[in-house]
Amino acid sequence: MECAPEELKSKGNDDDETSLYSCFMLETENRERERETERASFYPYNPVDTANGDQCQTESKMSLVVALIAIVVSLILFAARRRHGYWQRRGIPHDVPHPLFGNMKDWPKKRHIAVIFKDYYRKYKSAKYPFAGFYFFFTRTAVVTDIDLVKRVLIKDFNHFENRGIFYNEIDDPLSATVFSIEGQKWRHLRHKLTPTFTSGKMKHMFPIVVKVGEEMDKIFSDRVGGTGNVLEIVDLVARYTADVIGNCAFGLNCNSQQNPQADFVTFGKRAITDHRYWGLLDFFIFGFPKLSRSLRLKFNVQEVEDFYTKIVRDTIDHRLRTKEKRNDFMDSLIEMYQKEQEGNSDEGLTFNELLAQAFIFFVAGFETSSTTMGFALYELAQNQDTQNILRNEINDVLANHNNEFTYEGVKEMKYLEQVVMETLRKYPVLAHLTRKTDTDFSPEDPKYFIAKGTTVIIPALGIHYDPEIYPEPEKFQPQRFTEEAIAARPACTWLPFGEGPRNCIGLRFGIMQTCVGLAYLIKGYNFSVASETQIPMKMVLKSILLSAENGIHLKVAKVSK
């Protein structure tokens with residue numbers, strides 16, 4: 091409908107205004123329709139235009155995402171540059187850090203972490219400061235290069251350096267809350283409770299178990315060597331020995347690891363060392379930011395490993411409480427503390443998770459460190475036949491004085507054997523660097539010793555062990571370095587395979603005992619020599635925190651003539 095001008099004029103005042111407005115709106119709508127029709131005739135619909143529009147929107151979103159990523163990366167690099175400028179601002183000598191990896195860019199592809207710290211020690215030992223600046227990725231770190239500062243960190247000023255600053259999560263990852271990693275008052279209480287477990291008296295009670303497993307190892311070697319000798323991979327064989335020793339002493343179980351290479355205790359013992367829950371960058375995150383990782387409820391141990399040890403510990407406790415069996419071993423001591431906790435005596439007791447974590451670290455640490463040390467000792471003895479013969483003669487002489495039986499007192503008399511073990515641990519400390527973290531500013535009288543609160547402190551044990559000013563000709567294997575006279579002539583805190591001071595390895599006596607017994611059995615009955623398969627010089631597994639031989643240790647083994 092159209093409204094003609096004449097019609098508009100004929101309308102009354104009130105109604106006319108309404109009609110005029112209605113006609114005006116109708117006319118406007120009609121004209122808009124005509125324009126749309128004309129526009130459509132000139133610009134027909136094209137679906138490609140819509141697609142192009144969607145593409146433009148997608149590209150716009152992508153550009154926005156890229157811009158945001160660029161901003162985030164820029165902020166990270168800015169923060170990294172700020173953090174990586176700390177030692178320069180203080181005037182402390184240090185290597186120029188990589189923007190993302192700090193001074194760790196060679197690990198784990200090119201150098202073992204212990205070798206990185208060893209090289210750092212050698213490079214900056216003569217600098218005027220007692221430590222060199224280092225960046226563990228983004229974490230500021232002081233690598234100690236002065237033996238006096240080593241003593242202060244580990245012993246004299248221990249209250250400033252009590253904690254290791256490494257990851258543990260006692261709620262979500264109970265196996266990680268060990269006496270090795272836990273901090274503060276909880277560590278002090280736990281250490282106090284566990285110390286009586288490793289007295290000489292306890293060692294004597296566990297000694298017959300170690301001897302029994304040693305006898306079984308002797309039989310296994312005899313079968314494998316045969317009449318004419320054989321080339322054997324040593325580390326795997328001695329790892330089964332240590333697994334059976336620890337399995338018996340820690341859990342009261344006959345693990346049968348030596349008879350069965352696929353025994354669970356060996357399999358899960360290795361997995362506890364080599365397997366991580368996440369791998370990759372998240373592992374580095376856990377190492378670099380342990381407190382934040384704990385807040386994020388991250389876990390380090392693999393679930394299958396946690397389940398295995400949890401079941402073993404729970405079953406062992408249930409069995410001993412039900413049968414009232416007493417074995418005077420490590421687990422008996424833990425169960426006594428667990429019962430005190432159940433009775434309400436938390437000052438002297440342990441919760442189940444605390445007991446679980448200590449049983450776990452006792453097994454893993456004893457299994458790995460002792461088997462690795464035995465392997466390296468046999469590797470060195472194979473290259474030093476005179477040393478091997480001296481050791482064999484000592485073992486035979488001592489046994490002859492003890493009715494040809496292995497006794498606790500007899501093994502203690504094997505001084506040269508102990509020297510061989512100590513020299514092996516000098517050349518191959520399984521944990522070749524010690525870690526501490528300052529809880530308060532360390533401000534001694536000399537300002538060059540100042541270490542700010544929150545700084546990670548690394549003591550490069552491998553570097554100290556290979557310092558020619560402390561150990562002349564450090565590459566040579568010389569057990570005589572560890573006679574009483576030679577030890578007294580050296581500064582304290584220069585032999586550190588077990589740490590030193592209040593936070594040293596609580597199980598070092600047990601570790602040395604099982605290592606000495608195992609080596610005594612092997613050297614007494616067999617001669618070890620270099621084979622074509624023996625790797626000289628030794629190559630280490632680079633990605634591991636611990637020192638371990640790449641591809642094992644292969645030696646020629648032959649029975650000793652009676």
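Take 91 as the starting number for the sequence shown in the numbering used here and just add one per residue.
Backbone N, C-alpha and C fix where the C-beta goes; we use that ideal spot for every residue, glycine too.
Using 10 angstroms around the beta-carbon of residue i, count the other beta-carbons present and answer buried if the total reaches 16, otherwise exposed.
i       : result
Phe-532 : buried
Asn-641 : exposed
Phe-540 : exposed
Ser-271 : buried
Gln-448 : buried
Pro-519 : buried
Val-240 : buried
Asp-334 : buried
Pro-189 : exposed
Met-603 : buried
Pro-537 : exposed
Asn-491 : exposed
Ser-460 : buried
Gly-181 : exposed
Leu-165 : exposed
Val-138 : Residue placement at Val-138 is poorly supported in this model, since its pLDDT is 49, which falls under 50; the coordinates still yield a value, given next. Counting Cβ neighbours within 10 Å, Val-138 comes out exposed, since fewer than 16 surround it.
Leu-653 : No answer is possible for residue 653: the residues shown for the chain start at 91 and end at 652.
Ser-383 : buried
Ala-455 : buried
Asn-193 : buried
Asn-617 : buried
Cys-339 : buried
Thr-530 : exposed
Thr-545 : buried
Per DSSP, residue i is paired with what?
i       : result
Val-321 : Lys-646
Val-620 : Leu-645
Val-547 : Ala-232 and Arg-526
His-657 : Residue coverage of the chain in this structure runs from 91 to 652, which leaves residue 657 outside it and unanswerable.
Met-630 : Ala-639
Ile-166 : Beta-bridge pairing links Ile-166 to no other residue.
Asp-263 : Asn-259
Ile-541 : Phe-532
Pick from the options: whose alpha carbon is nearest that of residue i?
i       : options                               : result
Gln-625 : Asp-354, Gly-615, Asn-443 and Ala-639 : Ala-639
Glu-623 : Gly-544, Leu-637 and Val-647          : Val-647
Asp-422 : Leu-284, Arg-516, Gly-608 and Arg-180 : Leu-284
Leu-507 : His-523, Thr-229, Cys-146 and Val-488 : Val-488
Thr-287 : Phe-452, Glu-149 and Gln-478          : Phe-452
Asn-483 : Lys-505, Asp-313, Glu-499 and Glu-513 : Lys-505
Arg-653 : Asp-247, Ser-150 and Val-155          : This structure cannot settle anything about residue 653, because the visible part of the chain is limited to 91 through 652.
Phe-56  : Lys-276, Asp-419, Gly-175 and Thr-332 : No answer is possible for residue 56: the residues shown for the chain start at 91 and end at 652.
Asp-209 : His-184, Thr-229, Ser-385 and Phe-228 : His-184
Glu-306 : Gly-615, Ser-651, Met-628 and Val-631 : Gly-615
Ser-354 : Ala-329, Gly-370 and Gly-378          : Sequence check: residue 354 is Asp here, not Ser. The shortest Cα separation from Asp-354 among Ala-329, Gly-370 and Gly-378 belongs to Ala-329.
Runs of alpha helix (DSSP H) wholly within the stretch 450 to 491 (minimum 4 residues, chain order): Here the runs fully enclosed are 475 to 490.
In chain order, which continuous runs of the alpha helix (DSSP H) of length 4 or greater are located wholly inside the stretch 193 to 256? Fully enclosed alpha helix (DSSP H) runs of 4 or longer: 203 to 214 and 237 to 241.
Should the stretch 337 to 347 be called in touch with the stretch 236 to 244, which here means at least 3 C-beta pairs below 8 Å? The stretch 337 to 347 makes no contact with the stretch 236 to 244: fewer than 3 CB pairs, one atom from each, lie closer than 8 Å.
Curious, which full-length alpha helix (DSSP H) runs of at least 4 residues does the stretch 561 to 595 contain? Segments of the alpha helix (DSSP H) lying fully in the stretch 561 to 595: 574 to 579.
Just list the alpha helix (DSSP H) runs in the stretch 326 to 384, keeping only unbroken ones of 4 residues or longer that don't cross its boundaries, in chain order. 354 to 364 and 370 to 378, all fully within the stretch 326 to 384.
Can at least three beta-carbon pairs, one atom from the stretch 211 to 223 and one from the stretch 160 to 170, be found at a separation below 8 Å? Judged by Cβ distances under 8 Å, the stretch 211 to 223 makes no contact with the stretch 160 to 170, as fewer than three pairs qualify.
Is there contact between the stretch 400 to 412 and the stretch 372 to 392, where contact requires at least three CB pairs shorter than 8 Å? Too few Cβ pairs lie closer than 8 Å, so no.
Meets three-Cβ-pair contact criterion under 8 Å: the stretch 200 to 214 and the stretch 551 to 568: Flag = yes, the stretch 200 to 214 and the stretch 551 to 568 touch.
Examine the Cβ distances between the stretch 360 to 379 and the stretch 424 to 435 and report whether three or more of them are shorter than 8 Å. No, the stretch 360 to 379 is not in contact with the stretch 424 to 435.
Between the stretch 437 to 447 and the stretch 248 to 265, are three or more C-beta pairs nearer than 8 Å? Yes, they touch.
Would you check if the stretch 461 to 474 and the stretch 318 to 327 touch, i.e. whether three or more CB-CB distances between them fall below 8 Å? In short, these stretches touch, since the Cβ pair count reaches three.
Are at least three pairs of beta-carbons, each pair with one atom in the stretch 581 to 600 and one in the stretch 467 to 479, less than 8 Å apart? The stretch 581 to 600 is not in contact with the stretch 467 to 479.
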